[in-house]
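A short write-up of the structure that comes next.
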Amino acid sequence: MKPAPFEYHAPETIHEVCGLLAEHGDEAKVLAGGQSLVPMLALRLTRFEHLVDVNRVAALSGFGRENGTLVVRACTRQRVMERDAAIAAAVPLLAQATPLIGHFQIRNRGTVGGSLAHADPASEYPAVAVALGAELELASPGGAVRRLTADDFFVGTWTTAAEPDELLVAARFPVWPARSGFAIEEVARRHGDFALAGVACAITDGRAGIALFGVGSTPVRARDAEEAWLAGAGAAEVAESAVRDLDPPADVHATASTRTRIARHLVERAVTRAQEGQRVAG
Ligand SMILES: Cc1cc2nc3c(=O)[nH]c(=O)nc-3n(C[C@H](O)[C@H](O)[C@H](O)COP(=O)(O)OP(=O)(O)OC[C@H]3O[C@@H](n4cnc5c(N)ncnc54)[C@H](O)[C@@H]3O)c2cc1C
12 MKPAPFEYHA PETIHEVCGL LAEHGDEAKV LAGGQSLVPM LALRLTRFEH LVDVNRVAAL
72 SGFGRENGTL VVRACTRQRV MERDAAIAAA VPLLAQATPL IGHFQIRNRG TVGGSLAHAD
132 PASEYPAVAV ALGAELELAS PGGAVRRLTA DDFFVGTWTT AAEPDELLVA ARFPVWPARS
192 GFAIEEVARR HGDFALAGVA CAITDGRAGI ALFGVGSTPV RARDAEEAWL AGAGAAEVAE
252 SAVRDLDPPA DVHATASTRT RIARHLVERA VTRAQEGQRV AG
């Protein structure tokens, strides 16, 4: 099947993108790597009169360090997160998470901002953003820029707190202290599939970030588990706290209780691995 007809726009500045989004409202959609949007258009699961291609906006590409933060501009390709040594050094969880996303062809085109804005609850980057305490930067037509914490950004399946005329311009990942440990674990039916359940975990002295994915309508921040870890609980006890109030979806691939069991094992494994990483780092 082919997509329904649409008007194609290729602006070159953030200002122009926001102008087009404001002008066409609900009839316009941002096109980044196209790895989620294009299949949905081609299968006619969705249609838009106007596609606003952001690939020519130079200000949306690249990354840099700023005041203890790694700023990743929205249209930066996922493969950059996978391959760049500076990314792995600054935010190891991004480098660890990226190979788990689809296949390399998808990561070659798919963007960091596209994955975050698409807000699939089984995606890796939203959980990484929540676990690390990242902020998302949004630009609007008047030129205003606002920042939201990842906790506030993700509000439901494929739904974020961004307004229809707002453009995600960057994700700001805090660079955690040197003596930190990180791990991401997931189970998928086949390599490259979205995860049935997964967890992103970051720990350092006096701080923990644990976020589950594939088990709710958004990434699920496991605050009880974070507190248990800070109180000195072992990995098994932390894992138990992470799933105690979990209410995962059931589908043809896994029941809710299977997802819960998988999640508990994954948290235990991730916490163990992150602790080991912290020990080696320190
Ligand atoms: C076979 C297959 C397997 C996959 N497996 C995984 C997986 O395991 N894990 C995973 O996380 N992902 C997976 N993906 C999805 C992939 O990571 C996509 O690249 C990603 O979800 C969307 O990024 P994109 O740049 O391609 O965005 P697009 O497809 O261009 O856009 C996706 C959505 O985000 C919006 N958007 C994009 N950029 C912005 C912006 N800057 N501001 C506001 N809105 C924006 C678009 O309007 C659209 O609604 C898979 C995809 C395929 C086809």
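Quick note: the sequence shown uses the numbering used here, first residue 12, plus one each step. Ideal Cβ positions, reconstructed from N, Cα and C, are used throughout, including at glycine. In this text, all values refer to a predicted model and were calculated from it rather than measured experimentally.
{"Check": "Own chain residues within Cβ distance below 7 Å of V123, not counting five before or after", "Outcome": "V83, A85, T87, Q89, M92, Y136 and A182"}
{"Check": "Of the residues A189, L149, T271 and S134, the one placed nearest A173, counting alpha carbons only", "Outcome": "L149"}
{"Check": "Supposed close pair L111, I195 - CB separation, criterion 8 Å", "Outcome": "7 Å"}
{"Check": "Closer than 8 Å: K40 CB and nearest ligand 1 heavy atom", "Outcome": "yes"}
{"Check": "Residues sharing a beta bridge with D64, DSSP", "Outcome": "L42"}
{"Check": "A236 vs P230 beta-carbon contact at 9 Å", "Outcome": "no"}
{"Check": "Beta carbon of A211 nearer than 9 Å to that of V141", "Outcome": "yes"}
{"Check": "C-alpha gap between E60 and R234, whole angstroms", "Outcome": "42 Å"}
{"Check": "Segment contact, 8 Å Cβ cut-off, at least three pairs: the stretch 33-49 with the stretch 58-75", "Outcome": "yes"}
{"Check": "At least three beta-carbon pairs within less than 8 Å, the stretch 198-207 to the stretch 95-104", "Outcome": "no"}
{"Check": "Secondary structure of I112, DSSP reduced to three states", "Outcome": "coil"}
{"Check": "Selected residue, minimal CA-CA separation from A106, among V254, F184, A246 and A274", "Outcome": "F184"}
{"Check": "Segment limits, alpha helix (DSSP H) that includes L31", "Outcome": "I25 to H35"}
{"Check": "Where the beta strand (DSSP E) containing E18 begins and where it ends", "Outcome": "E18 to H20"}
{"Check": "Contact under 9 Å by Cβ, R284 with G192", "Outcome": "yes"}
{"Check": "Backbone CA spacing between A274 and C29 [nearest angstrom]", "Outcome": "39 Å"}
{"Check": "Sub-9 Å separation of P132 and F17 beta-carbons", "Outcome": "no"}
{"Check": "Cβ-Cβ distance between V249 and V226 below 9 Å", "Outcome": "no"}
{"Check": "Distance CB(P22)-CB(V65) smaller than 9 Å", "Outcome": "yes"}
{"Check": "Integer Cβ distance of L54 from Y19, believed to fall under 8 Å", "Outcome": "Between Y19 and L54 the Cβ distance is about 19 Å, and since that is not below 8 Å, they are no contact."}
{"Check": "Alpha-carbon to alpha-carbon, P188 and G75", "Outcome": "17 Å"}
{"Check": "Opening and closing residue of the alpha helix (DSSP H) in which E237 lies", "Outcome": "R234 to L241"}
{"Check": "One or two residues paired with G192 in a DSSP bridge", "Outcome": "I214"}
{"Check": "Same chain only: Cβ atoms within 7 Å of R157, ignoring 5 sequence neighbours per side", "Outcome": "L149"}
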